[in-house]
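This report concerns only the one structure given below.
There are 2 protein chains.
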Amino acid sequence: MSLTSFIEVSQDSHFPIQNLPYGIFSTTEKSEPRVGTAIGDQILDLSELAKAGLFKGIQGLEEAAKVFAQPTLNGFMELGRPVWKNTRAQLQKLLSANETQLRDNQELRAKAFVPQSSAKLYLPAQIGDYTDFYCSREHATNVGIMFRGKDNALQPNWLHIPVGYHGRASSVVVSGTDIVRPSGQRITPADKTKPIFAPSAKLDIELEVGWFVGTGNKLGSRIEVADAKDHIFGMVIMNDWSARDIQAWEYVPLGPFLGKNFGTTISPWIVTMDALEPFLVDGPSQASPEPLPYLKESKPSAYDVKLEVQLKPAESDKFQTVAKSNLKHMYWSVTQQLAHHTVNGCNMRAGDMCGTGTISGPAESEYGSFLELTWNGTKKVTLEDGVERVFLQDGDEVNLTGYCESTEGYRIGFGNCQGKILPCPYQ
Amino acid sequence: MSLTSFIEVSQDSHFPIQNLPYGIFSTTEKSEPRVGTAIGDQILDLSELAKAGLFKGIQGLEEAAKVFAQPTLNGFMELGRPVWKNTRAQLQKLLSANETQLRDNQELRAKAFVPQSSAKLYLPAQIGDYTDFYCSREHATNVGIMFRGKDNALQPNWLHIPVGYHGRASSVVVSGTDIVRPSGQRITPADKTKPIFAPSAKLDIELEVGWFVGTGNKLGSRIEVADAKDHIFGMVIMNDWSARDIQAWEYVPLGPFLGKNFGTTISPWIVTMDALEPFLVDGPSQASPEPLPYLKESKPSAYDVKLEVQLKPAESDKFQTVAKSNLKHMYWSVTQQLAHHTVNGCNMRAGDMCGTGTISGPAESEYGSFLELTWNGTKKVTLEDGVERVFLQDGDEVNLTGYCESTEGYRIGFGNCQGKILPCPYQ
Numbered sequence: 001m002s003l004t005s006f007i008e009v010s011q012d013s014h015f016p017i018q019n020l021p022y023g024i025f026s027t028t029e030k031s032e033p034r035v036g037t038a039i040g041d042q043i044l045d046l047s048e049l050a051k052a053g054l055f056k057g058i059q060g061l062e063e064a065a066k067v068f069a070q071p072t073l074n075g076f077m078e079l080g081r082p083v084w085k086n087t088r089a090q091l092q093k094l095l096s097a098n099e100t101q102l103r104d105n106q107e108l109r110a111k112a113f114v115p116q117s118s119a120k121l122y123l124p125a126q127i128g129d130y131t132d133f134y135c136s137r138e139h140a141t142n143v144g145i146m147f148r149g150k151d152n153a154l155q156p157n158w159l160h161i162p163v164g165y166h167g168r169a170s171s172v173v174v175s176g177t178d179i180v181r182p183s184g185q186r187i188t189p190a191d192k193t194k195p196i197f198a199p200s201a202k203l204d205i206e207l208e209v210g211w212f213v214g215t216g217n218k219l220g221s222r223i224e225v226a227d228a229k230d231h232i233f234g235m236v237i238m239n240d241w242s243a244r245d246i247q248a249w250e251y252v253p254l255g256p257f258l259g260k261n262f263g264t265t266i267s268p269w270i271v272t273m274d275a276l277e278p279f280l281v282d283g284p285s286q287a288s289p290e291p292l293p294y295l296k297e298s299k300p301s302a303y304d305v306k307l308e309v310q311l312k313p314a315e316s317d318k319f320q321t322v323a324k325s326n327l328k329h330m331y332w333s334v335t336q337q338l339a340h341h342t343v344n345g346c347n348m349r350a351g352d353m354c355g356t357g358t359i360s361g362p363a364e365s366e367y368g369s370f371l372e373l374t375w376n377g378t379k380k381v382t383l384e385d386g387v388e389r390v391f392l393q394d395g396d397e398v399n400l401t402g403y404c405e406s407t408e409g410y411r412i413g414f415g416n417c418q419g420k421i422l423p424c425p426y427q
Numbered sequence: 428m429s430l431t432s433f434i435e436v437s438q439d440s441h442f443p444i445q446n447l448p449y450g451i452f453s454t455t456e457k458s459e460p461r462v463g464t465a466i467g468d469q470i471l472d473l474s475e476l477a478k479a480g481l482f483k484g485i486q487g488l489e490e491a492a493k494v495f496a497q498p499t500l501n502g503f504m505e506l507g508r509p510v511w512k513n514t515r516a517q518l519q520k521l522l523s524a525n526e527t528q529l530r531d532n533q534e535l536r537a538k539a540f541v542p543q544s545s546a547k548l549y550l551p552a553q554i555g556d557y558t559d560f561y562c563s564r565e566h567a568t569n570v571g572i573m574f575r576g577k578d579n580a581l582q583p584n585w586l587h588i589p590v591g592y593h594g595r596a597s598s599v600v601v602s603g604t605d606i607v608r609p610s611g612q613r614i615t616p617a618d619k620t621k622p623i624f625a626p627s628a629k630l631d632i633e634l635e636v637g638w639f640v641g642t643g644n645k646l647g648s649r650i651e652v653a654d655a656k657d658h659i660f661g662m663v664i665m666n667d668w669s670a671r672d673i674q675a676w677e678y679v680p681l682g683p684f685l686g687k688n689f690g691t692t693i694s695p696w697i698v699t700m701d702a703l704e705p706f707l708v709d710g711p712s713q714a715s716p717e718p719l720p721y722l723k724e725s726k727p728s729a730y731d732v733k734l735e736v737q738l739k740p741a742e743s744d745k746f747q748t749v750a751k752s753n754l755k756h757m758y759w760s761v762t763q764q765l766a767h768h769t770v771n772g773c774n775m776r777a778g779d780m781c782g783t784g785t786i787s788g789p790a791e792s793e794y795g796s797f798l799e800l801t802w803n804g805t806k807k808v809t810l811e812d813g814v815e816r817v818f819l820q821d822g823d824e825v826n827l828t829g830y831c832e833s834t835e836g837y838r839i840g841f842g843n844c845q846g847k848i849l850p851c852p853y854q
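Here's what the structure looks like:
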């Protein structure tokens, strides 16, 4: 029989007792941001549990009251996977239907449970560095065909390395933060050598998954692919907003810059690798070419996470699905990404975040960006109510979401990754 | 007559009373890293001056004792340029030869002055994000000729935008930190499509200047080019170590990644924009093409800083000069870099660092990388004692340094930016 909680959790909730993602929240009554876990439509305040002594006996978590009173998860992340596992086990025990310790303590319950609807959510970690990969073969191929033609779609390195670049950490924001349309230089069909300066006319999204480093490595050392999962704290859904016109002009030869760093939105709850473990599946074949030894996986390393892009156009009042994809399509696994990132001795730190790159599936309905869905603006996306889009308009709202579906009927979900486009305030 | 200090400062010192750069240091006697300024061969401990009440009356610096006891300069940076200016004026006054307040207080002098030779120096700031630009026309042209031929040396965007990319903040280290030779994927002449995995055989340096953001901007807002200098705290010398073979294989289409993020070394003292002000000169002409309005400078915005690359090969015992350059050759100014970086609404924070990119001059003796000095390894650099190099060998030490020379005879210097190459410890 499936594990159940004394907290009521609806069938389609993203946050059953099998999930228990970590996040940072505050309330009107208590404005200090602190650590919580989501259960059903509630948040369980871990700083209150710690004060009540409910994490006693977990080795390495002796300072639970301090760790869970922090405004970021970095302190908890640094403690390492055995602590994460034992904390999760203790939370599952405390929340289970037949465990009385928390269930029957009305005083503690009154302090420790907060409705999600009344909480403010924050970035879950202080992100030191943010790296964005480019690991969906379908996405890289689509973009390659558009810009270089069918015969040169994938660059020669793509099947040998998880291609990545450094993104901007300062502009990573939590779901619900408005995004200002960026201005920048771009060329026009009239003159391809002389740029104009204007607000972006090709504002796009990228449907990605972000993953957080828990424990890092010293500069000059490496994390092996077989050990990589022990260093990863968990995952979020990520929208790497992109100004395609700015990006196209600036990106040679050093890569994307102002076309990306005006905003990157993530969902507030970090779903742990332990919660995702039951949803491991084989990823795409890596038989031809085989990866170099330092990148070879010996176990299934893809995750079956259903992903969805929803749009609420400025002229509408409801979100409508414009694409569905799945994380399992990703060619390079997150553990390969981490092994590659550190193979030269690059040091990772608790709270560093990496993105997978846009996760597109093989079908046209599975493309994770408007660039692909509209084939660089050459065709329109038409929504149920007749609204048409090529790229994003001011006032449009985007929501990215995703979940794993268990055979037992519960969902391990990521919640929402949402943002609204504001017009550029400058002339 | 030139301003002089009661602290003896030799003619060729980088740190006369006209400089007063800020850094973070500790001593054996007092191990807490704290804020100091360099004067001659001494460090003046600003946390001791603050405790003694010597910053009283500086508006905005009411918490001087707290700000200068921090292990980073971020707190001081956030206070803004009026505070930086007034603090600098007060330090110049306190250190001047005819001012008795500090000079004649033997007890305070014993606590507040520390020989540089006995201090440990740290990264001067917590670097949130690190951006590297590519602003030397000579460098970009040289690299372009080598990789794309004379006719396509500069990419079409180069004369319109300060091209930049996000670097890795976690691997920025302070002068004196050893650098481990990185391994990675690279191709060989035998097969240009199938990579091997090995330690880099083309380990290089980049002679750069780094500049620190003091006060930033909110996400969605901009910093105008005319206001940019007020947001910049100061400059350091920077060595952006580069593995050219790893970079060449990985950099399409998203830019440099593992070829750069194994280490970036900076000098420990941040020379303030106010100290550099007397050395402002006109930069290269920007008449053809003219920059777009948001990038136009109305005042001289280049700095006359003499730069030098010194190498101590593994088989030698002294540093020898291999190249000399000058920051004034840089095409895009630091203020243009900051205006461009924020024109899309990207937010900068106190302690963020930007690099100028390799500063090469027009003459061959002025190239700021071995890539250029050896024309991608096709010719050798021969040192005084007959030692030859194409790229760096294990055991080699590099020092980058620079200074402004005043007509009054003093130097505003940056000190040393030094690092030694250790062999890769992995097979």
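Chains as they are written, first to last, in my numbering: chain L, 1 to 427; chain F, 428 to 854. Heads up, the beta-carbon is just placed ideally off N, CA and C, and yes, glycines get one too.
Would the beta-carbon of glycine 822 of chain F fall within 8 angstroms of that of isoleucine 839 of chain F? no
Kindly list the residues whose CB is nearer than 8 angstroms to the CB of cysteine 346 of chain L, restricted to its own chain and excluding five residues on each side of it in sequence; keep chain order. Contacts found: Leu219.
Proximity to glutamine 116 of chain L [Cα-Cα], best of L/Thr37, L/Thr356 and L/Phe370: L/Thr37
Can you find a C-beta in chain L that's less than 8 angstroms from the C-beta of proline 683 of chain F? yes
8 angstroms CB neighbourhood of serine 648 of chain F in its chain, flanking five on each side removed: Excluding five sequence positions before and after serine 648 of chain F, the CB atoms of its chain that fall closer than 8 angstroms to its own CB belong to Thr769, Gly772 and Asn774, given in chain order.
Going by C-alpha to C-alpha distance, which of L/Arg148, L/Leu383 and L/Glu372 sits closest to serine 316 of chain L? L/Leu383
Report yes if the C-beta distance between phenylalanine 391 of chain L and aspartate 240 of chain L is below 8 angstroms; otherwise report no. no
Where phenylalanine 574 of chain F falls, given that 16 or more other Cβ within 10 Å makes a residue buried: exposed
If you reduce the DSSP assignment to three classes, tell me which class tyrosine 837 of chain F lands in. coil
When DSSP labels each residue in this structure, what does lysine 520 of chain F get in the three-state scheme? helix
Run down chain F in chain order and give the residues with a C-beta less than 7 angstroms from the C-beta of asparagine 376 of chain L. Under the 7 angstroms cutoff, chain F gives no residues; its nearest Cβ is about 15 angstroms from asparagine 376 of chain L.
Who are the near neighbours of glutamine 464 of chain L in its chain, counting only those whose CB is closer than 8 angstroms to its CB and skipping five residues on each side? With chain L covering 1 to 427 only, the question about residue 464 of chain L has no answer from this structure.
Evaluate the contact criterion for the segment 488-497 of chain F versus the segment 464-479 of chain F: three or more CB pairs, one atom per stretch, below 8 angstroms. yes
Compute the Euclidean distance between the alpha carbons of glutamine 42 of chain L and leucine 123 of chain L, then round it to the nearest angstrom. About 18 angstroms.
According to a CB-to-CB cut-off of less than 9 angstroms, which residues of the segment 593-604 of chain F neighbour chain L? His593, Gly594, Arg595, Ala596, Ser597, Ser598, Val600 and Thr604
Measure the CB-CB distance between proline 589 of chain F and tryptophan 759 of chain F and report whether it falls below 8 angstroms. yes
Counting C-beta neighbours from all protein chains within 10 Å, is the total for serine 365 of chain L 16 or more, i.e. buried, or is it exposed? exposed
Just curious, the alpha helix (DSSP H) that phenylalanine 76 of chain L is in, first and last residue? 74-77
Report the three-state DSSP secondary structure of valine 652 of chain F (helix, strand or coil). coil
For serine 523 of chain F, I'd like the list of residues in its chain whose CB is within less than 8 angstroms of its CB, leaving aside the five on either flank, ordered along the chain. Leu430, Thr431, Ser432, Phe433 and Ile444
If I measure Cβ to Cβ from serine 752 of chain F and keep anything under 7 angstroms in the same chain, skipping five residues before and after, which residues do I get? Leu634, Leu734, Ile786, Ser787, Gly788, Glu793 and Gly795
Quick one: which residues of the segment 330-356 of chain L get their C-beta closer than 8 angstroms to a C-beta of chain F? List them in chain order. His340, His341, Val343, Asn344, Gly345, Cys346, Asn347, Met348, Arg349 and Asp352
Any C-beta of chain L under 8 angstroms from that of glycine 690 of chain F: yes
Return helix, strand or coil for methionine 775 of chain F, following the three-state DSSP convention. coil
So, is threonine 579 of chain F buried or exposed, given that buried needs 16 or more other C-beta atoms within 10 angstroms? Per the sequence presented here, residue 579 of chain F reads as asparagine, with threonine not at that position. Burial call: exposed.
Can you list, in chain order, the residues of its chain whose CB lies under 8 angstroms from that of lysine 745 of chain F, leaving out five sequence neighbours each side? Lys739
Partner residues on chain F for glutamate 250 of chain L, Cβ-Cβ distance less than 8 angstroms: Asn584, Ile588 and Val590
Report back the beta-carbon spacing between valine 462 of chain F and serine 474 of chain F to the nearest angstrom; my notes put them in contact at under 8 angstroms. 6 angstroms
Assuming histidine 587 of chain F is part of the alpha helix (DSSP H), what are its boundary residues? Counting along the chain, histidine 587 of chain F falls outside any alpha helix (DSSP H), and DSSP gives it neither H nor E.
If you draw a straight line from the C-alpha of serine 31 of chain L to the C-alpha of serine 118 of chain L, how long is it? 12 angstroms
Under the rule that 16 or more other beta-carbon atoms within 10 Å means buried, what is serine 242 of chain L, buried or exposed? Answer is buried; the Cβ neighbour count reaches 16.
Which residue marks the beginning of the alpha helix (DSSP H) containing arginine 142 of chain L, and which one marks its end? Just to set this straight, residue 142 of chain L is asparagine in the shown sequence, not arginine. First-last of the alpha helix (DSSP H) with asparagine 142 of chain L: 137-148.
Using a 10 Å radius around the Cβ and a threshold of 16 neighbouring Cβ atoms, would you call alanine 110 of chain L buried or exposed? exposed
I'd like to confirm the pairing. Which residues does DSSP put opposite glutamine 469 of chain F in its beta bridges? F/Ile466 and F/Pro542
Out of F/Val708, F/Ser440, F/Val761 and F/Glu677, point me to the one whose CA is closest to proline 156 of chain L's CA. Considering only F/Val708, F/Ser440, F/Val761 and F/Glu677, the residue with the shortest C-alpha distance to proline 156 of chain L is F/Glu677.
Note down, in chain order, each residue of its chain lying with its Cβ closer than 7 angstroms to the Cβ of valine 387 of chain L, except the 5 sequence neighbours on either side. The residues Pro313, Glu315 and Ser316, in chain order, have a CB closer than 7 angstroms to that of valine 387 of chain L in the same chain once the five nearest residues on each side in sequence are set aside.
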